[in-house]
Amino acid sequence: MAEYLKLDKLSGLLSDFYKVTGQRIGIFDGNMSIILECPKRHSPFCERIRSSQEGTRRCRECDNYGMHEALKSGRTITYRCHAGLLEACSPIYDKDKIAGYLMFGQVIYDRNIDDQHDMIFDKCRDIIDVRSFNNLFGSIRTISPDYLDAATNIMTACVGYIQLEQLIKLQNEGLWGQMQHYIDNNADTAFTLSDMANDLAVSISTLCKTAKRYSGKSVGQLVIDLRIKRAKHLLANERNLTVSQVSAVVGIEDYNYFSRIFKKETGYSPTEYRKQAQ
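First residue of the sequence shown: 324, per my numbering; consecutive thereafter.
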């Protein structure tokens with residue numbers, strides 16, 4: 324999916340974040356490819372890890388993991404990278420579609436340093452020798468838990484600014500948009516992945532990968548989410564319809580299955596939901 328980027332303003336925003344926090348930060352597009360970094364160079368320790376092919380592979384895999392987890396949660400998350408360093412990632416949206424990610428990290432906590440030293444070396448011992456590790460460990464920036472919370476809050480505010488000012492904007496709907504329209508138009512029918520793939524002229528594998536990339540969910544879960552959303556509306560507002568009729572209207576002929584999946588997704592049975600919605 325193509326993107327319109329206001330690179331000068333994005334670059335200025337990342338530069339301001341770095342000036343205020345002293346924290347390196349990067350921005351990725353919706354396909355999880357790097358757009359901008361400030362500063363461009365990684366920390367000395369991370370440069371050393373990335374100097375090997377295996378280290379680069381692990382770092383990239385870990386970045387993708389962080390972005391996938393942020394996408395699934397729909398909010399800023401913090402986690403430990405493959406090497407044991409702290410990272411934070413926040414999803415950026417254009418309306419309801421994923422448009423990119425902000426990410427910072429390459430830091431550790433300023434307490435329990437010896438324990439973190441041993442933990443990090445244990446994770447990296449196969450790609451860095453002990454002498455190089457000890458020489459570079461001191462270059463890793465240390466922060467307090469409060470600092471991490473503050474920095475992630477500032478990054479989340481930056482995401483809000485990016486979205487408000489539309490510094491990253493999706494230009495066309497592409498396959499993901501076509502999939503959303505297809506699900507919207509067909510969720511009340513018993514269509515299969517094969518039907519969807521044939522109608523959109525792509526493979527089932529491409530459908531699954533695209534859904535996962537842009538929503539963090541499977542195609543099946545996207546369909547369930549929409550059916551449950553529509554069912555909740557009908558249960559609350561169309562009281563002349565029986566629960567069985569609501570089930571059929573949203574595309575689930577099996578009433579028992581509908582009841583099970585509704586309770587799993589909402590925590591209420593359809594009847595309980597209707598009562599509490601009164």
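Just so it is clear, CB atoms sit at the ideal spot from N, CA and C, and this is done for glycine as well.
Residue i and residue j closer than 7 angstroms at C-beta
i	j	result
Phe368	Leu459	yes
Val573	Arg597	no
Ile415	Ile485	yes
Lys586	Leu490	no
Leu328	Cys481	no
Ala534	Ile527	no
Val542	Leu557	no
Assigned exposure category for residue i - 16 Cβ within 10 Å defines buried
i	result
Tyr269	It is not possible to answer for residue 269, since the shown part of the chain is limited to 324 through 601.
Gly378	buried
Gln439	buried
Arg434	exposed
Ile551	buried
Ala510	buried
Asp417	buried
Ile357	exposed
Gly483	exposed
Beta-carbon proximity list for residue i, same chain, < 8 angstroms, skipping 5 on both sides
i	result
Thr594	Val566
Ala393	Thr399, Ile400, Cys412, Ser413, Pro414 and Tyr424
Ile547	Ile584 and Glu588
Val430	Gln346, Leu408, Leu409, Ile463, Arg464, Thr465, Ile466 and Leu471
Asp507	Leu549
Gln599	Tyr591
Glu488	Lys329 and Lys332
Asp577	Ser570
Length of the line joining the Cα atoms of residue i and residue j
i	j	result
Ser374	Lys342	27 angstroms
Thr465	Arg454	20 angstroms
Tyr505	Ile421	18 angstroms
Gln601	Thr479	36 angstroms
Gln501	Asp352	20 angstroms
Phe444	Arg380	18 angstroms
Ile348	Glu384	18 angstroms
Met355	Leu564	45 angstroms
Ile350	Arg403	19 angstroms
Glu370	Thr512	52 angstroms
Ala325	Phe456	Because the pLDDT of Ala325 is 47, which lies under 50, any placement of that residue in the model is unreliable, and the question is left without a value.
Asp339	Ser366	19 angstroms
Gln503	Lys532	14 angstroms
Val525	Tyr432	47 angstroms
Assumed close pair residue i, residue j - CB separation to whole angstroms, cut-off 8 angstroms
i	j	result
Leu359	Ser334	6 angstroms
Cys361	Ala406	With 8 angstroms as the limit, Cys361 and Ala406 do not qualify as a contact, their Cβ atoms being about 21 angstroms apart.
Gly389	Met426	6 angstroms
Thr344	Ile436	Not confirmed; about 21 angstroms, so no contact.
Neighbourhood of residue i by C-beta distance below 6 angstroms, restricted to the same chain and skipping five residues each side
i	result
Tyr537	Ile421 and Trp499
Arg562	none
Residues near residue i in its chain [Cβ-Cβ closer than 7 angstroms; skip 5 each side]
i	result
Ser582	Ser592 and Pro593
Thr475	Thr399, Thr401 and Ala411
His687	Nothing about residue 687 can be reported from this structure: the residues present for the chain run from 324 to 601 only.
Ile451	Arg371 and Ile372
Ser517	Ile527
Residue i CB to nearest heavy atom of the ligand SAM below 6 angstroms
i	result
Ile527	With respect to the ligand SAM, the structure offers nothing, as it holds no ligand at all.
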